[in-house]
């Protein structure tokens with residue numbers, strides 16, 4: 105599972121690095137935009153597969169909806185977890 109690094113370019117981040125996720129270097133660099141890129145890639149690949157298999161309209165919309173909800177859940181959870189401790 106990929107965790108999104110939530111950026112807080114503040115002094116608190118420099119003083120308390122242990123409050124923040126330290127994921128793979130790639131996700132670290134991309135940050136939150138990485139999440140959007142993953143979602144877009146997922147949509148494109150899912151759409152392509154479904155078109156090739158010929159069941160695009162019937163199945164792909166509810167199927168994608170479930171995955172988008174999962175992604176949004178991961179995003180919200182990671183942001184909550186990354187909030188600086190006061």
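Numbering (our numbering), first residue to last: 105 to 190. Backbone N, C-alpha and C define an ideal beta-carbon position, used for all residues, glycine too. Since we're looking at a predicted model, the values are computed, not measured.
Distance between residue 147 and residue 184, taken at the CA atoms: about 25 Å.
Residue 172 sits away from residue 141, with the two beta carbons spaced by 9 Å or more. Leaving aside the five residues that flank residue 150 on each side, the residues in its chain whose CB is nearer than 8 Å to its CB run, in chain order, 164, 167, 168, 171.
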